[in-house]
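Colleague:
There are 2 protein chains.
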Amino acid sequence: MRARTGMKSNNMVIAQSGGPSMVINMSLVGAVRAARGKAGSAKIGKILGARHGIQGILAGDYIDLRKVGDRKLDAIALTPSSALGSCRLKPTADDCRRIFEAFKKLGVGYFFYIGGNDSADAARIVAEEAEKDGYPLVCYHIPKTIDNDLRSCDHTPGFGSAAKFVATALRGDDLDNRALGGVKIDVIMGRDAGFLTAASALARTRPDDGPHLVYLPEVPFSEDKFVKDVKASMKKFGRCVVAVSEGIRGKDGVPIGAKLADGERDSHGNVQMSGSGALGDALAKLLKTKAGVKRVRADTFGYLQRSFPGVASETDRKEAFLAGRAAVEAALKGKLTKGTIGIIREEGRKYRVAFLPRPIADAAKFTRSVPKEFIAKNGHDVTEAFIAYAKPLVGELPKCETFD
Amino acid sequence: MRARTGMKSNNMVIAQSGGPSMVINMSLVGAVRAARGKAGSAKIGKILGARHGIQGILAGDYIDLRKVGDRKLDAIALTPSSALGSCRLKPTADDCRRIFEAFKKLGVGYFFYIGGNDSADAARIVAEEAEKDGYPLVCYHIPKTIDNDLRSCDHTPGFGSAAKFVATALRGDDLDNRALGGVKIDVIMGRDAGFLTAASALARTRPDDGPHLVYLPEVPFSEDKFVKDVKASMKKFGRCVVAVSEGIRGKDGVPIGAKLADGERDSHGNVQMSGSGALGDALAKLLKTKAGVKRVRADTFGYLQRSFPGVASETDRKEAFLAGRAAVEAALKGKLTKGTIGIIREEGRKYRVAFLPRPIADAAKFTRSVPKEFIAKNGHDVTEAFIAYAKPLVGELPKCETFD
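Respectively, the protein sequence lines represent chains X and L. Here the first sequence is numbered in the working numbering, starting from 1 and rising by one per residue. Here the second sequence is numbered in the working numbering, starting from 1 and rising by one per residue.
What follows is the structure, given as structure tokens:
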């Protein structure tokens, strides 16, 4: 309890962590604008952006965000990737001591950390260690992840834009497959949760549009079923477009892609899955040998899903900005001192969301899976309920026309 | 000579062949609009679109393109991929006999084939066989290829849009690499010619922007040089973004990716390269073991480069339309009866092109490589001359901003 009663310094540090997204800079700018605005300026002194997350705090590497002009700030908001740089560091208790020493010297009483569940966990550790140490710190996590797997949010900033990229890509790729036939496999990001892969279904406008098969990590993947599904699609449509999550796993629960990719592990214990074409190639080989399909191609969408400029969802952009702003406003109110921003969808036909402060632990560490009502009973598609859920987050896709 | 003096029927067939592009439908619609227009309608009867190229002619599978409404046609023009469907078929003399029998029954005297060098070669075979058989056929190839490797064109429709996708992707990917560091390898399409990989350099706006290394199939690839280049980039920038063509080959001239991908061969004798992540993964493994870089990721851009909706270059769209129109106009003039449309860049500082009929053999079979003056002396970059060449074809890229 010492933290709440101690003398709080009024400078703030903000940083970005984990995988970049197309709108994480929107959240940064939303927070900075709120801190520089009327209410913020009365309470917040310096606004320091730490480079490469906690690493920048430990190294004393900051950008003075009060000095960055509005026009530049707005241009950065529209730019994909993490403008402050990122890291994947889980702070130790010792790291936290060093952070508080640095914060004390700089007079920092507010800390904002933008990222996914691992970043929320890092912020939670910092917040809890500060409480233990009696360092007076208001600490907020600002949600971001293209995986859409935070338990504290109906959906997360970053998801809508990545989902728009995936759905747009599938719409074009389905036309490509119409032209040349055979099987096309698209491997889509999502370590544990299949939301992004599920979003591929938004590409469809007609009954014979691809993706014809959608495989999520939430459903145990069976090679035999896969071969059978593809054969059935080839028979029905004369072709087959497959959207498959990089995180699919067999009955043993071990991700198939991670086994094939032979990748490294980060300090949160996550195995590398992206940045390798191994899973797609293995599935293509399987179909050539066991399904007897001659033309099989596999693409792994990779980092384009989170970094491609110019295709962000407008709703996602706006909400990312508002999440950043909400965190600063909640921090200034001071009711909840260790928080995250929950994004709650309101009831009713019209799409509306609220940004509500929640305990930081709600976003930390554990993730959310695609719920059962979003997964089709056949195990290789999504439901109408998922489409209704995801559509407003993604917005309009480029129109495509065919002769049929 | 019988072909020229024989009684020519006035119906036309148009078809698409080879790999789709973002603007191949623009060429289709340009040709159809010219044929339906004032000058065309006086001379051309039916306008038949054959599905899946020559395969559709052999199967008698047509769409009546006089009956498709203007609005639908315009929407198809803006849609990526080949709306009529495609194929990769090299017609035999026997196929040609069957084609002329079908054409005779349908009263077809005009044939337009949109595609790359292999498609031009297919059209050339049809044209020459018609001449031999005395079948009166005006036959035009309409240029298309994202590889930009037709000898008859300064640049080809399809290239500008694919180049815009690649440059946009690299701009985003470079920001992603700035945020998380290490080496990022992007494998880019281009079987024999490195134009598309070279276009990655358009992403740069500042001296430390990626791609830091660009490898074209025109320069023999050396693993040792690659490792050395990456180490130097890591030392200079603390990170490294690599753009590498799927077609890179060692001193033996054999494409490295084709060896790794173990793919099939089409009827023109081309080995499959795209639709596999094998090359990227092999290069990543090489760097992890020999350059001692911990974080290495590889993405293979794959079919998105030619099919992603909504990012086409405006110049490319316009020129694709005009190439289609020019083919019909040249066919109606009747001066050259077996032609292709050459796209010639005019001298002078202002970008301007002319569309000129050329003998069909000029586009057929043999391809063009990236010329020496576009390749940097260090063997891993492009020159300013290439940037000046490619920039007007691609147009504006999404603006991105950073704190530095």
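The beta carbon of each residue, even a glycine, is placed where N, CA and C say it ideally should be. Since we're looking at a predicted model, the values are computed, not measured.
Measure from the alpha carbon of alanine 320 (chain X) to the alpha carbon of each residue in X:Gly56, X:Asp95, X:Gly40 and X:Thr156, then state which is nearest.
Modeller: Residue 320 (chain X) sits at position 320 when you count from the first residue of the first sequence. Nearest C-alpha to alanine 320 (chain X): X:Thr156.
Colleague: Report yes or no: is there a C-beta of chain X within less than 7 Å of the C-beta of alanine 75 (chain L)?
Modeller: Counting from one through the second sequence, the residue named residue 75 (chain L) turns up at place 75. It does; some Cβ of chain X falls within 7 Å.
Colleague: In chain order, what residues of the segment 292-308 of chain X put their CB closer than 8 Å to some CB of chain C?
Modeller: In the structure shown, chain C cannot be found, because the protein chains are X and L.
Colleague: When burial is assigned at 16 or more other CB atoms within 10 Å of the CB, is lysine 164 (chain X) buried or exposed?
Modeller: Start at 1 with the first residue of the first sequence, and residue 164 (chain X) comes out as number 164. Buried.
Colleague: Considering lysine 118 (chain L), what are the terminal residues of the alpha helix (DSSP H) in which it resides?
Modeller: Residue numbering aside, residue 118 (chain L) sits at position 118 when the second sequence is read from its first letter. Reading the sequence as shown, one finds aspartate at residue 118 (chain L) and not lysine. Run containing aspartate 118 (chain L): 117-133, per the alpha helix (DSSP H) assignment.
Colleague: Helix, strand or coil: which one does DSSP assign to leucine 84 (chain L)?
Modeller: Stepping through the second sequence from its first residue, residue 84 (chain L) is reached at position 84. The answer is coil: DSSP assigns leucine 84 (chain L) none of H, G, I, E or B.
Colleague: Should isoleucine 14 (chain L) be labelled buried (16 or more other beta-carbon atoms within 10 Å of its own) or exposed?
Modeller: For the purposes of this step, residue 14 (chain L) is taken as the residue at position 14 of the second sequence. With 16 or more other Cβ atoms within 10 Å, it is buried.
Colleague: For the beta strand (DSSP E) holding leucine 356 (chain L), just list the boundary residues, first then last.
Modeller: Translated into the one-based positions of the second sequence, residue 356 (chain L) becomes position 356. Run containing leucine 356 (chain L): 353-359, per the beta strand (DSSP E) assignment.
Colleague: Does the CB of arginine 171 (chain L) have a neighbour CB from chain X at under 7 Å?
Modeller: Within the second sequence, numbered from 1, the residue matching residue 171 (chain L) stands at position 171. Yes, its Cβ sits closer than 7 Å to a Cβ of chain X.
Colleague: Would leucine 58 (chain L) count as contacting chain X if we go by Cβ distances under 7 Å?
Modeller: For the purposes of this step, residue 58 (chain L) is taken as residue 58 along the second sequence, with counting starting at 1. Answer no: the Cβ-Cβ gap between leucine 58 (chain L) and chain X never drops below 7 Å.
Colleague: Grab me the residues of lysine 365 (chain L)'s own chain with a C-beta within less than 7 Å of its C-beta, minus the 5 sequence neighbours each way, in chain order.
Modeller: Within the second sequence, residue 365 (chain L) is the residue found at index 365, counting from 1. Closer than 7 Å at the Cβ level, and outside the excluded window around lysine 365 (chain L), lie Asn117 and Asp121.
Colleague: What did DSSP end up calling threonine 5 (chain L) once you bin it into helix, strand or coil?
Modeller: Position 5 of the second sequence holds residue 5 (chain L). The pLDDT assigned to threonine 5 (chain L) is 42, lower than 50, so where the model puts this residue is not dependable; a value taken from the coordinates is nonetheless given after this. Threonine 5 (chain L) falls in the helix class under three-state DSSP.
Colleague: Might you give, ordered along the chain, the residues of its own chain that have their beta carbon closer than 6 Å to the beta carbon of tyrosine 135 (chain X), omitting 5 neighbours on each side?
Modeller: Residue 135 (chain X) sits at position 135 when you count from the first residue of the first sequence. Excluding positions up to five away in sequence, the list reads Phe100.
Colleague: Taking only beta-carbon atoms, is cysteine 400 (chain L) less than 7 Å away from chain X?
Modeller: On the second sequence, position 400 is the one that residue 400 (chain L) refers to. Yes, contact with chain X.
Colleague: Hey, glycine 158 (chain L) and glutamate 246 (chain L) are a contact pair by Cβ (cut 8 Å); roughly how many whole angstroms apart?
Modeller: Mapped onto the second sequence, residue 158 (chain L) falls at position 158. Mapped onto the second sequence, residue 246 (chain L) falls at position 246. Incorrect: roughly 16 Å between the Cβ atoms, too far for contact.
Colleague: Looking only at its own chain, which residues have a Cβ that is under 8 Å from the Cβ of lysine 335 (chain X), when we skip the five neighbours before and after it?
Modeller: On the first sequence, residue 335 (chain X) is found 335 positions in, with the first residue counted as 1. Excluding sequence neighbours, lysine 335 (chain X) sits near Pro357.
Colleague: CB-CB under 7 Å to phenylalanine 405 (chain L), same chain, minus the five flanking residues each way: which ones, in chain order?
Modeller: The structure shown has nothing for residue 405 (chain L), since chain L only spans 1 to 404.
Colleague: What residue from L:Gly253, L:Ile341, L:Lys259 and L:Met234 has the CA that sits closest to lysine 294 (chain L)'s CA?
Modeller: Sequence index remark: in the second sequence, residue 294 (chain L) carries index 294 (1-based). Closest by alpha carbon: L:Met234.
Colleague: Taking Cβ to Cβ, would you say alanine 167 (chain X) is nearer than 7 Å to leucine 196 (chain X)?
Modeller: Residue numbering aside, residue 167 (chain X) sits at position 167 when the first sequence is read from its first letter. Residue numbering aside, residue 196 (chain X) sits at position 196 when the first sequence is read from its first letter. It is not a contact, given that the beta carbons lie outside the stated cut-off.
Colleague: If you count every other CB in all the chains shown that lies within 10 Å of the CB of alanine 323 (chain X), and 16 or more means buried, which is it?
Modeller: For the purposes of this step, residue 323 (chain X) is taken as residue 323 along the first sequence, with counting starting at 1. Burial call: buried.
Colleague: Measure the alpha-carbon distance for glycine 339 (chain X) versus lysine 391 (chain X) and round it to whole angstroms.
Modeller: On the first sequence, position 339 is the one that residue 339 (chain X) refers to. On the first sequence, position 391 is the one that residue 391 (chain X) refers to. Computed Cα separation, rounded: 29 Å.
Colleague: Strictly below 8 Å CB to CB, what residues from chain X border leucine 213 (chain L)?
Modeller: For the purposes of this step, residue 213 (chain L) is taken as residue 213 along the second sequence, with counting starting at 1. What leucine 213 (chain L) touches in chain X: nothing, since even the nearest Cβ is about 17 Å away.
Colleague: In the structure shown, what three-state DSSP assignment does serine 245 (chain X) receive?
Modeller: As a first step, residue 245 (chain X) is located in the first sequence; it is residue number 245 there, counting from the start. Correct three-state label for serine 245 (chain X): strand.
Colleague: By the criterion of Cβ-Cβ separation under 8 Å, what are the contact partners of proline 20 (chain L) in chain X?
Modeller: Locating residue 20 (chain L) in the second sequence gives position 20, where the first residue counts as 1. Going along chain X in sequence order, the residues near proline 20 (chain L) (Cβ under 8 Å) are Leu175, Asp176, Ala179 and Leu180.
Colleague: Any idea if tyrosine 110 (chain X) is buried or exposed, counting beta-carbon neighbours within 10 angstroms, 16 or more meaning buried?
Modeller: Indexing the first sequence from 1 puts residue 110 (chain X) at position 110. By the neighbour-count rule (16 or more Cβ atoms within 10 Å), tyrosine 110 (chain X) is buried.
Colleague: Does the CB of proline 91 (chain L) have a neighbour CB from chain X at under 7 Å?
Modeller: In the second sequence, counting from the first residue as 1, residue 91 (chain L) sits at position 91. Not closer than 7 Å to any Cβ of chain X, the Cβ of proline 91 (chain L) fails to qualify, so no.
Colleague: Kindly list the residues whose CB is nearer than 7 Å to the CB of glycine 53 (chain X), restricted to its own chain and excluding five residues on each side of it in sequence; keep chain order.
Modeller: For this step, residue 53 (chain X) is matched to residue 53 along the first sequence. So the qualifying residues of the chain are Ala15, Gln16, Ser17, Ser86, Cys87 and Leu89.
Colleague: Compare the Cα-Cα distances from glutamate 314 (chain X) to each of X:Met26, X:Pro20, X:Met12 and X:Ile63 and report the closest residue.
Modeller: In the first sequence, counting from the first residue as 1, residue 314 (chain X) sits at position 314. Ranking the options by Cα distance to glutamate 314 (chain X), first place goes to X:Met26.
Colleague: Buried or exposed: where does alanine 179 (chain X) fall if 16 or more other Cβ atoms within 10 Å of its Cβ makes it buried?
Modeller: Counting from 1 along the first sequence, the entry for residue 179 (chain X) is found at position 179. Buried, because 16 or more other Cβ atoms sit within 10 Å of the Cβ of alanine 179 (chain X).
Colleague: Determine the contact status of phenylalanine 112 (chain X) and alanine 31 (chain X), defining contact as a CB-CB distance below 7 Å.
Modeller: On the first sequence, residue 112 (chain X) is found 112 positions in, with the first residue counted as 1. On the first sequence, residue 31 (chain X) is found 31 positions in, with the first residue counted as 1. Yes, Cβ-Cβ distance for phenylalanine 112 (chain X) and alanine 31 (chain X) is below 7 Å.
Colleague: Could you round the C-beta distance between isoleucine 76 (chain X) and valine 29 (chain X) to whole angstroms and report it? I think they count as a contact, below 8 Å.
Modeller: The residue you call residue 76 (chain X) lines up with position 76 of the first sequence. The residue you call residue 29 (chain X) lines up with position 29 of the first sequence. So it is a contact: roughly 6 Å between Cβ atoms.
Colleague: Taking only three categories from DSSP, how would you classify asparagine 11 (chain X)?
Modeller: For the purposes of this step, residue 11 (chain X) is taken as residue 11 along the first sequence, with counting starting at 1. Correct three-state label for asparagine 11 (chain X): strand.
Colleague: Starting from valine 138 (chain L), trace the beta strand (DSSP E) in both directions and tell me its first and last residue.
Modeller: The count along the second sequence starts at 1 and reaches residue 138 (chain L) at position 138. 138-143 is the extent of the beta strand (DSSP E) around valine 138 (chain L).
Colleague: Identify the continuous beta strand (DSSP E) that holds aspartate 61 (chain X) and give its terminal residues.
Modeller: As a position in the first sequence, residue 61 (chain X) is number 61, starting the count at 1. Aspartate 61 (chain X) -> no beta strand (DSSP E), and no H or E assigned at all.
Colleague: Who are the Cβ neighbours of valine 242 (chain L) in its own chain at under 6 Å, not counting the five residues just before and after it?
Modeller: Counting from one through the second sequence, the residue named residue 242 (chain L) turns up at place 242. Counting only Cβ-Cβ distances below 6 Å, and skipping sequence neighbours, we find Ile185 and Leu213.
Colleague: Can you find a C-beta in chain L that's less than 7 Å from the C-beta of proline 255 (chain X)?
Modeller: Counting from one through the first sequence, the residue named residue 255 (chain X) turns up at place 255. No, its Cβ sits nowhere closer than 7 Å to a Cβ of chain L.
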